[in-house]
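Q: Order-wise, the sequence lines are chains A and B.
Per this note's numbering, the very first residue in the first sequence carries number 11; after that it's consecutive.
Per this note's numbering, the very first residue in the second sequence carries number 30; after that it's consecutive.
Even for Gly, the Cβ is constructed at its ideal location relative to N, Cα and C.
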Amino acid sequence: AQSVTQLDSQVPVFEEAPVELRCNYSSSVSVYLFWYVQYPNQGLQLLLKYLSGSTLVKGINGFEAEFNKSQTSFHLRKPSVHISDTAEYFCAVKIYNFNKFYFGSGTKLNVKP
Amino acid sequence: EAQVTQNPRYLITVTGKKLTVTCSQNMNHEYMSWYRQDPGLGLRQIYYSMNVEVTDKGDVPEGYKVSRKEKRNFPLILESPSPNQTSLYFCASSLGGGSYEQYFGPGTRLTVT
């Protein structure tokens, strides 16, 4: 079975500091990778996606992620966070040529003033 | 406005009483999916549909049914709900055909007593 591991369940960080949210997946075949954000009491919203091409992907709200095939990782980064970035972030994987999606357990980002 | 709607948003029911959660999208998307979100487990896919009359199991289909008679609607049916189905449920849709970005509904919080 496929799996997606988000190594940190909670990440506290001060405003304007950089942050990295880690995501690793297990798959021996090609994958598509996604990061979603969930604000309190809302559905999920796509931050960014990797389908092919450049391994550095830029998304909305200043977030970016880097696909590392050898380490099967897709870590999310932001150089300077804002209070409004406080939310839960989910990494997701779709296996090439299969129609299922697999989500990680989520990382709660708590930005403090 | 392009959106995915779910009804009801909140539901409290008793064990064994059949219920249906509706999901509708107005974006002419081919792919639709149901997820449940549980603390510490992230989102797990219940069922998905590639198009009208085409459905398949996700990772946790036991106790659930779906149907896709029209492109815009994808109801989730719990024929005999049990307390372990207490969860937050999300419907999502995507265009299909190589576009994998999913658009999520606002969620349905179900409590089975």
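Let me know the beta strand (DSSP E) ranges lying completely inside the segment 34 to 120 of chain B, each 3 residues or longer, listed in chain order.
A: Counting only runs of 3 or more, we get 39 to 42, 48 to 54, 60 to 67, 71 to 80, 83 to 86 and 105 to 107.
Q: I need the straight-line Cα distance from V2 of chain A to A75 of chain A, nearest angstrom please.
A: This structure gives no information on residue 2 of chain A, because the portion of chain A shown stretches from 11 to 123.
Q: Comparing the C-beta of G53 of chain A with each C-beta of chain B, is any distance below 7 Å?
A: Within the first sequence, numbered from 1, the residue matching residue 53 of chain A stands at position 43. Judged by the 7 Å Cβ criterion, G53 of chain A is in contact with chain B.
Q: Less than 7 Å between CB atoms is the rule here; does L72 of chain B satisfy it with respect to chain A?
A: As a position in the second sequence, residue 72 of chain B is number 43, starting the count at 1. By this cut-off, L72 of chain B is an interface position.
Q: Check the Cβ of N71 of chain A against every Cβ in chain B and list those closer than 7 Å, keeping chain order.
A: Counted from its first residue, the first sequence places residue 71 of chain A at position 61. Chain B residues near N71 of chain A: none, gap ~16 Å exceeds 7 Å.
Q: With burial defined as no fewer than 16 other Cβ atoms inside 10 Å of the residue's Cβ, what is the status of R65 of chain B: buried or exposed?
A: Numbered from its first residue, the second sequence carries residue 65 of chain B at position 36. By the 10 Å Cβ count, R65 of chain B comes out buried.
Q: Strictly below 7 Å CB to CB, what residues from chain B border Y42 of chain A?
A: Along the first sequence, read from residue 1 onward, the residue named residue 42 of chain A stands at position 32. Y129, listed in chain order.
Q: Give the range of the beta strand (DSSP E) segment to which P22 of chain A is assigned.
A: As a position in the first sequence, residue 22 of chain A is number 12, starting the count at 1. Element bounds for P22 of chain A: Q20 to F24.
Q: Is the shortest distance between the beta-carbon of S115 of chain A and the beta-carbons of chain B less than 7 Å?
A: Numbered from 1 along the first sequence, position 105 holds the residue referred to as residue 115 of chain A. Closer than 7 Å: yes.
Q: What in chain B is Cβ-close to N109 of chain A, meaning under 8 Å?
A: Translated into positions along the first sequence, residue 109 of chain A becomes position 99. Going along chain B in sequence order, the residues near N109 of chain A (Cβ under 8 Å) are Y60, Y77, M79 and D85.
Q: Flag this pair as touching only if the segment 48 to 57 of chain B and the segment 121 to 132 of chain B have three or more C-beta atom pairs under 8 Å; answer yes or no.
A: yes
Q: Output yes or no for whether 7 Å exceeds the beta carbon distance between L117 of chain B and G136 of chain B.
A: The sequence position of residue 117 of chain B within the second sequence is 88, counting from 1. The sequence position of residue 136 of chain B within the second sequence is 107, counting from 1. Against a cut-off of 7 Å, the Cβ pair of G136 of chain B and L117 of chain B comes out as a contact.
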